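Q: This is the structure I want to talk about, given as structure tokens.
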Amino acid sequence: MSEGRKTKFITTGRNKEWTQGAVNPPVQRASSIIFDSVAAKNHATINRANKTLFYGRRGTNTHFAFQEAMTDIEGGAGCALYPCGTAAIANAILSFVSTGDHILMVDTCYEPTRDFCEIIMKKMGIETTYYDPLIGAEIESLIRPNTKILFTESPGSITMEVQDIPTLSRIAHAHDIIVILDNTWGAGVNFSPFEHGVDISVQAATKYIVGHSDVMLGTAVANEKCWDQLREQSYLMGQCVSPDDAYLGLRGIRTLDVRLKQHAESSLKIARWLAERPEVDHVRHPALETCPGHTYFQRDFTGGNGLFSFVLKTSHPRATTALLDNMQHFSMGYSWGGFESLILANEPKSFDALRTVAHPNFTGTLIRIHIGFEDIDDLIADLEAGFQRYQEVLDSLPA
Numbered sequence: 000m001s002e003g004r005k006t007k008f009i010t011t012g013r014n015k016e017w018t019q020g021a022v023n024p025p026v027q028r029a030s031s032i033i034f035d036s037v038a039a040k041n042h043a044t045i046n047r048a049n050k051t052l053f054y055g056r057r058g059t060n061t062h063f064a065f066q067e068a069m070t071d072i073e074g075g076a077g078c079a080l081y082p083c084g085t086a087a088i089a090n091a092i093l094s095f096v097s098t099g100d101h102i103l104m105v106d107t108c109y110e111p112t113r114d115f116c117e118i119i120m121k122k123m124g125i126e127t128t129y130y131d132p133l134i135g136a137e138i139e140s141l142i143r144p145n146t147k148i149l150f151t152e153s154p155g156s157i158t159m160e161v162q163d164i165p166t167l168s169r170i171a172h173a174h175d176i177i178v179i180l181d182n183t184w185g186a187g188v189n190f191s192p193f194e195h196g197v198d199i200s201v202q203a204a205t206k207y208i209v210g211h212s213d214v215m216l217g218t219a220v221a222n223e224k225c226w227d228q229l230r231e232q233s234y235l236m237g238q239c240v241s242p243d244d245a246y247l248g249l250r251g252i253r254t255l256d257v258r259l260k261q262h263a264e265s266s267l268k269i270a271r272w273l274a275e276r277p278e279v280d281h282v283r284h285p286a287l288e289t290c291p292g293h294t295y296f297q298r299d300f301t302g303g304n305g306l307f308s309f310v311l312k313t314s315h316p317r318a319t320t321a322l323l324d325n326m327q328h329f330s331m332g333y334s335w336g337g338f339e340s341l342i343l344a345n346e347p348k349s350f351d352a353l354r355t356v357a358h359p360n361f362t363g364t365l366i367r368i369h370i371g372f373e374d375i376d377d378l379i380a381d382l383e384a385g386f387q388r389y390q391e392v393l394d395s396l397p398a
């Protein structure tokens with residue numbers, strides 16, 4: 000009997016062998032695994048890649064439970080674990096490229112992903128071409144005989160463009176190109192990667208999977224075609240995480256569905272409020288028509304979350320500073336996905352170093368916010384006070 004979505008979040012990763020009678024699997028810490036006999040050691044050696052206790056770097060029952068849960072949620076063949084999202088991205092790419100290869104990378108990728116391509120990949124003799132997130136079927140014109148990977152992130156980092164993943168995947172696969180998706184925004188819940196043609200779904204589990212801003216953790220779930228190679232290459236590169244962090248990732252999964260729904264409900268209400276503000280040029284929330292690629296969001300996603308951006312009508316650093324300083328409920332900080340609300344600003348000129356082809360078509364300051372679990376009225380009051388400080392600075396400027 001198939002389980003409903005809500006039920007899956009509760010039952011997955013709770014194999015009795017791992018839980019040992021408890022509701023949650025205990026945190027099992029180990030480096031050496033002790034075998035009772037030569038036969039037991041040989042059995043573990045042969046099955047070391049298949050959730051069998053062999054050596055600490057291969058994982059313990061705590062890791063196996065979390066890996067099973069991530070695989071079930073995203074729908075792949077297996078899940079590799081990493082100490083952070085950037086490590087997951089780097090290892091997913093490294094597992095499938097060699098010197099002389101070519102990568103197609105979405106121009107709106109996470110900044111460390113771009114840095115990895117520009118520094119590490121370039122040093123290895125691997126070339127990267129950046130493509131516009133809304134390129135669609137025209138991606139075919141950028142494919143070369145040596146293109147091995149198409150790496151996408153949807154929605155895009157900071158500017159939130161939603162991509163046509165099925166079209167990109169279909170064209171990539173026609174050329175035997177592996178499709179890797181940074182699925183952190185979709186959290187493996189609101190976007191089903193393998194149903195849309197993705198081969199490897201990468202997440203910074205630091206964000207919504209853990210959900211409490213207290214763990215660094217990365218995951219990469221792969222399909223049957225890519226799983227063995229991803230698993231073994233990552234193992235050879237020494238990738239592993241502590242069982243304590245794996246436990247916290249698994250615990251986060253239990254409430255992931257309800258947390259995302261609350262994030263989404265609150266963020267959409269605030270996004271609509273922002274859209275009516277006189278200081279705001281437009282709001283880049285995937286659920287709103289003003290967000291680039293909104294139609295793909297409607298077609299391919301089953302829900303949203305708390306992260307989106309909005310663009311002010313003007314760009315004035317001193318006014319922006321006045322807006323951000325002295326917030327009562329929004330904190331300034333990197334990352335997102337926790338229970339708390341966050342806010343950061345990007346002046347238009349900052350995108351010069353972050354974009355190659357998809358340069359912003361706006362001139363005002365972009366504000367990225369993550370909506371947490373505070374009362375909506377408190378968050379709106381905080382933003383309203385910030386806008387008042389912002390306007391006071393603008394009004395003080397010489398005419």
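Residue numbering for the sequence shown follows numbering that gives the first Met the number 0, starting at 0 and increasing by one per position.
Even glycine gets a Cβ: it sits at the ideal position worked out from N, Cα and C.
Here the structure is a predicted model, which is why all the values come from computation and not from measurement.
1) Determine which residues share a DSSP beta bridge with Leu341 and list them.
2) Please list, in chain order, all residues of the same chain as Ala263 whose beta carbon is under 6 Å from its beta carbon, the five residues on each side excluded.
3) Using a Cβ-Cβ cutoff of less than 8 Å, which residues in the same chain neighbour Leu396 once the five nearest sequence positions on both sides are dropped?
4) Roughly how many angstroms lie between the CA atoms of Ala219 and Asp394, to the nearest whole one?
5) Does the structure place the segment 175 to 189 close enough to the segment 25 to 34 that three or more beta carbon pairs sit under 8 Å?
6) So is Gly303 in contact with chain B if we call contact Cβ pairs under 8 Å?
7) Which runs of the beta strand (DSSP E) at least 3 residues long sit entirely within the segment 173 to 252? Give them in chain order.
8) Give me whichever residues DSSP pairs with Met123 in a beta bridge.
9) Thinking C-alpha only, which one of Thr70, Glu275, Pro165, Gln327 is nearest Thr10?
10) What number of angstroms, rounded off, separates the C-alpha of Val392 from the C-alpha of Trp335?
11) According to DSSP, Ile102 sits in a beta bridge with which residue or residues?
12) Exposed or buried, Asp374, counting other C-beta atoms within 10 Å across all chains shown (16 or more means buried)?
13) Per the contact definition of three or more C-beta pairs closer than 8 Å, is the segment 102 to 111 in contact with the segment 151 to 158?
14) Would a C-beta distance cut-off of 8 Å place Phe296 and Ile366 closer than the cut-off?
15) Please state if the CB of Asp198 and the CB of Asn222 are separated by a distance shorter than 8 Å.
16) On the CB-based measure, 16 or more other CB atoms within 10 Å of its CB, does His174 come out buried or exposed?
17) Does the segment 71 to 86 come into contact with the segment 229 to 236, if we say contact requires no fewer than three beta-carbon pairs (one atom in each stretch) closer than 8 Å?
18) Quick one: measure Cβ to Cβ for Gly248 and Ala203, integer angstroms, because I've assumed they're closer than 8 Å.
19) When burial is assigned at 16 or more other CB atoms within 10 Å of the CB, is Asn90 buried or exposed?
20) Do Ile164 and Leu141 have their beta-carbon atoms positioned less than 8 Å apart in this structure?
21) Alpha carbon to alpha carbon, what distance is there between Leu229 and Gly99?
22) Select from Met120, Glu383, Asp351, Cys225 the residue whose C-alpha is nearest the C-alpha of Ala321.
23) Quick check on DSSP: helix, strand or coil for Arg13?
24) According to DSSP, is Ser308 part of a helix, a strand, or is it coil?
25) Considering just the uninterrupted stretch of the alpha helix (DSSP H) at Arg271, what are its terminal residues?
26) Does Leu393 come out as helix, strand or coil in the three-state DSSP assignment?
27) Pick out whichever of Leu167, Ser200, Met123 has its Cα sitting closest to the Cα of Ala76.
28) Have a look at the DSSP bridge pairing and note the partners of Arg283.
A: If we stick to the structure as given:
1) Beta-bridge pairing links Leu341 to Ser330, His369.
2) The beta carbon of Ala263 lies closer than 6 Å to those of Gly302, Gly303, Asn304 in the same chain, with the five residues before and after it left out.
3) His315.
4) So the two alpha carbons sit approximately 50 Å from each other.
5) The segment 25 to 34, when compared against the segment 175 to 189, does not touch it at the 8 Å Cβ threshold.
6) This model lacks chain B altogether, as it is built from one protein chain only.
7) With a minimum length of 3 residues, the continuous beta strand (DSSP E) runs that stay inside the segment 173 to 252 are 177 to 181, 199 to 203, 217 to 221.
8) Its beta-bridge partners do not exist; DSSP assigns none.
9) It is Thr70.
10) One C-alpha to the other measures close to 29 Å.
11) Thr127, Ile148.
12) In this structure Asp374 is exposed. Its beta-carbon is surrounded by fewer than 16 other beta-carbon atoms within 10 angstroms.
13) Contact between the segment 151 to 158 and the segment 102 to 111 is present, because at least three Cβ pairs lie under 8 Å.
14) No, the Cβ-Cβ distance between Phe296 and Ile366 is not below 8 Å.
15) Yes, the Cβ-Cβ distance between Asn222 and Asp198 is below 8 Å.
16) The residue is exposed, with fewer than 16 neighbouring Cβ atoms inside 10 Å.
17) The segment 71 to 86 makes contact with the segment 229 to 236; the number of CB pairs closer than 8 Å reaches 3 or more.
18) Not confirmed; about 11 Å, so no contact.
19) Note on Asn90: 16 or more other CB atoms within 10 angstroms of its CB, so buried under the neighbour-count rule.
20) No, Cβ-Cβ distance for Leu141 and Ile164 is not below 8 Å.
21) Using only the alpha carbons, I get a separation of about 20 Å.
22) For Ala321, the nearest C-alpha among the options comes from Glu383.
23) In the structure shown, Arg13 falls within a coil segment according to DSSP collapsed to helix, strand and coil.
24) Strand at Ser308.
25) Looking at the DSSP string, the run of the alpha helix (DSSP H) that includes Arg271 is 255 to 274.
26) Leu393 falls in the helix class under three-state DSSP.
27) When only C-alpha atoms are compared, the closest one is Ser200.
28) DSSP, once it has assigned bridges, lists Ser308 as partnering Arg283.
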